[in-house]
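Read the structure below first, then the notes.
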Amino acid sequence: MFISRPVFPISFQLEQVAKLVEGLLRKKNWKDFKQAELKLVLTPFYVFYYDAGFEEQKQGKSIVKGTKRGRGALDALSGEINEQLAESMPSSSELVKELPDDYPLEVKEPVFSESEAKKIAQLKTAAMLKTAKESVIISDFRTIYYPMWVAGISVGKQNYELEISAITGEIFGEEKVPERQQGFVEITKETLQELKKPGAWLKYGREVADTAREKLSGGERGVCPKALGGKLNLPNIMWRPGFWISVALLIILIAIIIF
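Numbered continuously in this note's numbering, the sequence shown closes out at residue 373.
Here you go:
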């Protein structure tokens with residue numbers, strides 16, 4: 115598919131992004147989810163070079179005390195300067211004008227004309243550099259597209275939208291997706307899988323032993339029965355849910371070691 119303006123080279127393809135989204139949802143303990151078709155959205159930016167001068171008053175005259183040259187990027191939708199994009203701008207030879215035909219695509223168009231955008235870029239750059247607008251010269255002004263994947267997902271009867279950079283793979287909006295609380299059976303299954311790894315049983319064994327010791331000693335690490343009056347109320351301890359959870363984990367651990 116031919117694109118009229120240059121596009122940042124895509125590092126994360128459709129299949130890779132689908133796996134990133136799935137990995138995020140599983141990390142948040144979601145197993146039942148629906149993922150809508152991924153869409154590639156091309157967002158326009160104006161990129162340019164700027165040359166800025168810095169003046170000072172000396173004996174009633176304006177003297178140029180320094181200059182600075184740099185690259186800038188202006189969001190063609192919001193009119194805001196994007197310093198990060200300007201710094202990561204690839205060379206002209208790396209930009210592309212063709213994308214795979216099977217990519218669902220949405221191309222956004224600039225909301226400012228090029229002449230309007232130049233004036234905005236000059237003004238915003240001057241403000242960023244803290245110099246006069248007239249002291250900033252804009253050159254090599256052109257339009258490029260930045261590619262972002264958009265993923266619609268459905269979990270827990272709610273719909274969410276995630277944006278994934280096709281350049282870095284960074285996921286935006288993941289904080290909107292809640293983490294699902296796991297049940298006891300799920301936690302137990304995960305524990306069993308973890309215990310199959312070499313050395314893991316020793317780690318869990320210590321944790322279970324520590325937990326059981328805490329329950330038997332009054333619930334606080336480092337507190338012995340003497341500190342509680344020298345009496346150990348075993349019937350009360352046995353009625354605590356935490357005690358039986360510790361016992362259950364200990365039994366599972368022993369079964370794995372034996373079998």
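Note that beta-carbon positions come from the ideal geometry of N, C-alpha and C, so glycine has one too.
Values in this document were obtained by computation on a predicted structure and should not be read as measured data.
Can you say whether residue i is buried or exposed, counting buried as having 16 or more other CB atoms within 10 angstroms of its CB?
i    : result
I177 : exposed
Q236 : buried
F162 : buried
G186 : buried
D254 : exposed
D189 : buried
I124 : buried
I285 : buried
M115 : exposed
A150 : exposed
Could you please give me the residues that DSSP links to residue i through a beta bridge?
i    : result
L276 : A265
P158 : Y259
V250 : A166
E230 : Its beta-bridge partners do not exist; DSSP assigns none.
A187 : V161
I195 : L188
E220 : V155
E212 : F116
V177 : Per the sequence shown, residue 177 should be read as Ile rather than Val. Answer is E170.
K182 : A166
I285 : I278
For residue i, which residues from the same chain have a beta carbon less than 6 Å from its beta carbon, with the 5 sequence-adjacent residues on both sides left out?
i    : result
V269 : W144 and F147
L139 : F147
Y217 : L154
F168 : K179, G180 and T245
V210 : V121 and P123
M219 : In the sequence on display, residue 219 carries Leu and not Met. Around L219: L154.
R183 : D165
L128 : L152
Below 8 Å CB to CB, which residues in the same chain sit around residue i once its five sequence neighbours on both sides are set aside?
i    : result
N273 : G266 and I267
G287 : Y274, E275, L276 and E277
L191 : T157, P158, K222, P224 and V225
R294 : K142, N143, W144, V269 and G270
E228 : Y160, F255 and T257
E201 : R185
Q130 : G283
Which residues in the same chain have their Cβ closer than 7 Å to the Cβ of residue i, if we skip the five residues on either side of it in sequence?
i    : result
R119 : T257, I258 and Y259
K247 : Q236, L237 and A240
E170 : I177 and K179
P204 : F122 and P123
K232 : I252 and F255
L134 : I278, G283 and I285
Assuming the contact rule is C-beta atoms closer than 8 Å, residue i and residue j should be a hit. Round their C-beta distance to whole Å, please.
i    : j    : result
K244 : T157 : The pair is not a contact, with the Cβ atoms about 28 Å apart (cut-off 8 Å).
I195 : M262 : About 18 Å; that fails the 8 Å criterion.
L199 : I117 : Rounded, the Cβ-Cβ distance is 18 Å, inconsistent with contact.
### Query
What are the uninterrupted segments assigned as beta strand (DSSP E) that are 3 or more residues long and contained completely in the region 121-167, given in chain order?
The DSSP assignment places 147-149 as complete runs of the beta strand (DSSP E) inside the region 121-167, in order along the chain (cut-off: 3 residues).
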